[in-house]
Amino acid sequence: MFIQNTIKNYLQIPGIDGLLLASPEIFIFCSTLILMILDIFFFKEKSFKNTNKFGIFIIIIAIFLALLLPSTGVAFNGLYLVSELSIFFKLIILFSIIFVFLLSHNKADFEGIKFSEFNYLLLLSTCGMLILVSSNSFLTFFLALELQALPIYVMCALKKNDIKSAEASLKYFLLGALSSGFILFGISLIYGFVGSISFEQVSNISLKDDMGINFGLILILAGVAFKISSAPFHMWAPDVYEGTPSPITFFIATAPKISILGILIYLIYKVFSGIHGNLSDLILVLSLSSMLVGSIGAIIQKNLKRLIAYSSIAHMGFILVGMVAFSEKGLHAIMYYLIIYLFLLTGVFAIILSLQKDNKPIELISDLKGLYNDHPFISICLLIFMFSLAGIPPLSGFFGKWLVFFSAIDSGFYILAILGVLFSVVSAFYYLKIIRVMFFENSDTPLILDGNREIRFLINLSLFISVLFFALFPIFDYMILNTKI
Amino acid sequence: MIEDWPILSILIFLPIFGAFLILLIPNKLNQDGEILKNSITNIKLVSLWTSIMTFLMTLLLSLKFNYTEKQYQFLEFYEWVPSLGIVYRVGLDGLSLPFIVLTAFLVPICILCSWNTIQHKIKEFMISFLILEAFIIGMFSALDIVVFYIFFEAVLIPMFLIIGIWGGVERIYASFKFFLYTLLGSVLMLIAIIYIIATTGTSDLIQVLDYDFSKTEQLFLFLGFFFSFAVKVPMWPFHTWLPDAHVQAPTAGSIILAGILLKMGGYGFLRFSLPLFPDASLFYQPYIFFLSCVAIVYTSFVAFAQQDIKKLIAYSSVAHMGFVTIGIFCFNTQGLDGAVFQMVSHGIISGALFLAIGVIYERTHTRDINKLGDFATTMPKYSVFLMFFTLGSVGLPGTSGFIGEVLVLIGSWKVNPLVAIISGLSLILGAIYMLRFYRKISFGLSENQDKYEIHDVNMREFMILIPLVIFIILFGIFPNIVLNFLKVPHFLILETFK
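If you're matching them up, the sequences are chains E and D in order.
The first sequence begins at 8 in the working numbering and counts up one residue at a time.
The second sequence begins at 91 in the working numbering and counts up one residue at a time.
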């Protein structure tokens, strides 16, 4: 507040409020452009590593901007809104982007994505995500959605000569464009029936039982479900996860989903809170089917990243349980879950990236055979992440699961909670399968561990969070409880 | 001074501290790529001394324990997550103390019995065992439902690894079955726990006990808890994981599984189901009697048909735990006393039997009852030990097995004579299969006994077996050592039924 007032006093410019509110996005956008120019003229051979380092630097400054200017308000004629919730989502998105940078820092060459475009595209997509969680009108919403998605389509195709990567990119692009079309059609319907695209005006009008609006909502929800890979709109996820290089897979699995969840929360809790009853059933179906598909579908998978894809579908189902609950508890549960899940996924991908077999990245689950004999520490880390993803106490995943089902029961969704925990037992099976391969089986060809400093840091950080979450719980509790919609 | 110390938390975290110390012992390799003998010895010694220290601490606790006090003792209370009403509260009463002592008593025995049998990954084995011990002690002393649940389920992680890494041929199947079966049971308890917290606003057991749930709520919540405890006990028909897990687990794993993990179910019934849901407990009493009677009769027959001696003991465990559930749901002093006493005595006896089987298996590498025999001449000392354990398991007067069974029979006669008759008659079945087991092993002629070089129990085994025999007889003659602890908690449980 102090800094903001100081700036305001010294710079008597009309509209400075809005610019300050959007300062992280503006900063990232401008500095990305400057970075491109710098890259062309100065970086030469070390282009990738330097842009990568600068990218981290830019994101860190953006985090400080988001933290130091924690003012809330509406800007740009009501198109843009900064709330405590959006600041939370911005921070968690920015952290996940830092993890992407760190994961790719030394591994890009090995994974075949050593192009400095990777870093620009990542930054631009980040910019889109930050705007998305702050959008306050359907126009901003859609534009930000596209700004977020378009760089990702290109990133998927960065590994030009790889046929799987090309397939993944095409699939992601086609289905992503289709879902954007759905969303746009839904928006147009809502505009037609409400007469406004501003979130505020939409939320002020009573929307009860209007066929057109419900139809538009269903279309928007379907499009959003595509983007967060919730069943029955999940088909792209396994193929895309399998085909893309691991740092990009990690990126697709975290940041865009977090940002879309952020705006989905805002839409459901605030904008369409009047017709929550209709929405709730739809999300219930999404949630249940995601849990079902994610837990059953992963059992037969042999490819590690396909398995992670299905597991992320199941986890999306658990997260949506919190949204079905439609309460403050549910909101907080989602926030906890996202933090926990982000760190777990970071750890898992850091381990996947640090291992190689026959000079190739590991792909199959059976590639992990005998990991324990070769690299005990790494395998114990992966063991802890797997138990945590399965939701076994006292690891962090348990607390996420617990909070989510707590919110469901608190709102009276008993059957959903019971089905949810039963599915979580099913999903425990395939996490155990990975542990079995690592610990109970031996292999002839040794796995090579090639973890650099950044990756080791990420593994240790994730390990710390997932083992000691019970001790950090009160701290998170203090932070998250103050967040209101 | 020392009274102010968080002595119970120290007890819970002492094994974890020991595990941490073991972690620090370097894995120095010699030229052949094996860990140096020195560090292996160090690992074993550190784990042994940690577990013995834990045992001594539990003895200290039971000496300082005041068993006329109605409140929980050694209480510790810390705010944990205030917004959700979760507190870290641990404390002891007469119900939990015997189990904690039993745990701390069995763990050094487990460590000693795997002294030479565990050949690979000894460091990890000891670490998992100590962590397992910490979780179990934590579970028995938790007075907050969430803390209880966390420890209750956390036990699965080290146990899964113990079965899966150091187990027998079919270990992967057995470990998966064990893990998923128990997890499936306990997630339903999670739902029940969440419901309790959502309605009462707290997870502190002392406060939750004051809340009166309506009859319908009780009926559902009881079922949620029932499934997780029934899988753990295990009651028929939820017992199928037990034979697999027992057969495949290493000897130490079997001891801890039969000795302690099965008791978590019975303890859970006494700690949560009965005091929280008295109406539902009364409602479900006949069904539980039915399941328990089936368990006793059916598994006795199944045990009789077994070729694998570990499986035989596993099925006999199910039968003995059937007595426990009958005793618990009698809702009178004798029944409850008998149930808890039976749990303690079964913990010692079944642990001893698995240990004895481990001793044979180390020498002959077979568990087939038809291939074993004539140990009375080849291993006379061992046969004497085995006789004590067998007779204890049969329930001969003078051994601890007798007290538990007879108290349960008295208790159940008061409620339902039919149940008492059925379970009383099945004592004969128990005698039949256990005596057949002993006859074949000690006196029968084995087919291929010449193949093995059999020597009698050595000093280490002697030192492990002796305390078990002593306790079996001591508890058989002076049952009040245990029963004194149980008077007050059982009185309090029964008060809720009036």
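Cβ atoms here follow ideal geometry from the backbone N, Cα and C, with glycine treated the same way.
Remember, it's a predicted structure, so these values are computed and weren't measured experimentally.
Return the Cβ separation of residue i and residue j in integer angstroms, given the expectation that the two are a contact with Cβ distance under 8 Å.
i	j	result
LEU402(D)	ALA409(D)	About 11 Å separates the two Cβ atoms, so there is no contact after all.
LEU196(D)	GLY349(D)	5 Å
LEU251(D)	SER218(D)	5 Å
ILE296(D)	LEU233(D)	7 Å
PHE447(E)	ILE130(D)	Rounded, the Cβ-Cβ distance is 22 Å, inconsistent with contact.
GLY356(D)	ALA264(D)	Wrong, their Cβ atoms sit about 23 Å apart, outside the cutoff.
PHE257(E)	LEU110(E)	6 Å
LEU101(D)	THR140(D)	Not really, about 12 Å apart at Cβ, beyond 8 Å.
VAL434(D)	LEU192(D)	6 Å
ILE347(E)	GLY407(E)	4 Å
At which residues does the beta strand (DSSP E) containing residue i begin and terminate?
i	result
ILE176(D)	176-182
GLU159(D)	Neither: GLU159(D) is in no beta strand (DSSP E) and is coded neither H nor E.
ALA82(E)	80-82
TYR87(E)	87-89
GLN363(E)	362-364
Cutting at 8 Å between CB atoms, please list the residues of its own chain near residue i, excluding the five before and the five after it.
i	result
LEU311(D)	ALA282, TYR285, ILE286, PHE303, LEU366, PHE367, ALA370
GLN397(D)	ASP458, ILE459, ASN460
How would you write the range of the alpha helix (DSSP H) that residue i sits in, first residue to last?
i	result
TYR239(D)	235-244
LYS171(E)	170-201
LEU475(E)	From DSSP, LEU475(E) is part of no alpha helix (DSSP H); its letter is neither H nor E.
GLN308(E)	No alpha helix (DSSP H) holds GLN308(E); DSSP gives it neither H nor E.
LYS264(E)	262-273
LYS114(E)	Note, LYS114(E): premise wrong, no alpha helix (DSSP H); not H, not E.
THR590(D)	The question about residue 590(D) has no answer, for chain D in this structure spans 91 to 588.
ASP1(E)	With chain E covering only 8 through 492, there is no way to say anything about residue 1(E).
GLY448(D)	423-454
Going along the chain, which residues of its own chain have a beta-carbon closer than 7 Å to the beta-carbon of residue i, five neighbours each way excluded?
i	result
GLY482(D)	ILE439, THR489, SER490, GLY491, ILE562
PHE465(D)	TYR472, SER473, ILE531, SER532
LYS97(E)	PRO31, ALA73, LEU137, VAL140
LEU7(E)	Given that chain E is displayed from residue 8 to residue 492, the structure contains no residue 7(E) and the question cannot be resolved.
PHE167(D)	VAL177, ARG179
GLU551(D)	VAL449
Between residue i and the rest of its own chain, which residues show a CB-CB distance below 6 Å, the 5 nearest in sequence each way excluded?
i	result
ALA415(E)	VAL328, ALA332, LEU423, ALA424
PHE61(E)	LEU42
MET323(E)	ILE235, SER237, SER297
ALA320(D)	PHE328
ALA1(E)	For chain E, the structure presents residues 8 to 492; residue 1(E) sits outside this window and is missing.
PRO368(E)	none
ALA109(D)	ILE217, LEU220, ILE221
SER406(D)	ALA393
LEU375(E)	VAL444, MET445
HIS339(E)	ILE487
LYS400(D)	HIS336, VAL337, ILE447, ARG457
Comparing alpha-carbon positions, which option in the options lies nearest residue i?
i	options	result
TRP95(D)	ILE212(D), PHE164(D), LYS154(D), ILE240(D)	PHE164(D)
PHE649(D)	ILE416(D), LEU558(D), GLY485(D)	The structure shown does not extend to residue 649(D), since chain D is modelled only from 91 through 588, so no value can be given for it.
GLY269(E)	LEU475(E), SER90(E), PRO481(E)	SER90(E)
MET218(E)	PHE233(E), PHE200(E), TYR276(E)	PHE200(E)
LEU228(E)	TYR248(E), GLU207(E), GLY250(E), PHE189(E)	PHE189(E)
LEU332(D)	ASN117(D), GLU452(D), PHE268(D)	PHE268(D)
THR389(D)	MET524(D), ILE418(D), PHE475(D)	MET524(D)
ILE262(D)	PHE413(E), LEU479(E), PHE436(E)	PHE436(E)
ILE544(D)	PRO470(D), SER513(D), PHE568(D), LEU486(D)	PRO470(D)
SER276(D)	PHE317(D), LEU309(D), ALA288(D), THR289(D)	PHE317(D)
GLU243(D)	ASP334(D), LYS213(D), LEU274(D)	LEU274(D)
LEU313(D)	SER293(D), GLU169(D), LEU280(D)	LEU280(D)
Would you be able to state if there are at least three C-beta pairs under 8 Å between the stretch 345-364 of chain E and the stretch 447-458 of chain E? yes
Pairs of beta-carbons, one from the stretch 169-176 of chain D and one from the stretch 222-231 of chain D, closer than 8 Å: are there three or more? Using a Cβ-Cβ distance cut-off of 8 Å, the stretch 169-176 of chain D and the stretch 222-231 of chain D are not in contact, since fewer than three pairs of beta carbons, one from each stretch, lie closer than that value.
Can you confirm whether the stretch 331-344 of chain D touches the stretch 291-310 of chain D when touching is taken to mean that 3 or more C-beta pairs between the two stretches lie within less than 8 Å? Too few Cβ pairs lie closer than 8 Å, so no.
Does the stretch 248-265 of chain E come into contact with the stretch 94-112 of chain E, if we say contact requires no fewer than three beta-carbon pairs (one atom in each stretch) closer than 8 Å? yes
How about the stretch 177-197 of chain E and the stretch 144-164 of chain E: do they share at least three Cβ pairs that are nearer than 8 Å? Because the criterion of three Cβ pairs below 8 Å is met, the stretch 177-197 of chain E and the stretch 144-164 of chain E touch.
Counting Cβ pairs closer than 8 Å, one from the stretch 215-232 of chain E and one from the stretch 278-294 of chain E, do we hit at least three? Output reads yes: the stretch 278-294 of chain E touches the stretch 215-232 of chain E.
So does the stretch 198-209 of chain D actually touch the stretch 378-395 of chain D, counting three or more Cβ pairs closer than 8 Å? The stretch 198-209 of chain D, when compared against the stretch 378-395 of chain D, does not touch it at the 8 Å Cβ threshold.
State whether the stretch 116-131 of chain E contacts the stretch 79-93 of chain E, with contact taken as three or more CB pairs (one from each stretch) at a distance under 8 Å. Look at the beta carbons and you see the stretch 116-131 of chain E not touching the stretch 79-93 of chain E: under three pairs across the two are nearer than 8 Å.
Tell me whether the stretch 467-474 of chain E and the stretch 383-393 of chain E touch, counting them as touching only if at least three CB pairs, one residue from each stretch, are closer than 8 Å. yes
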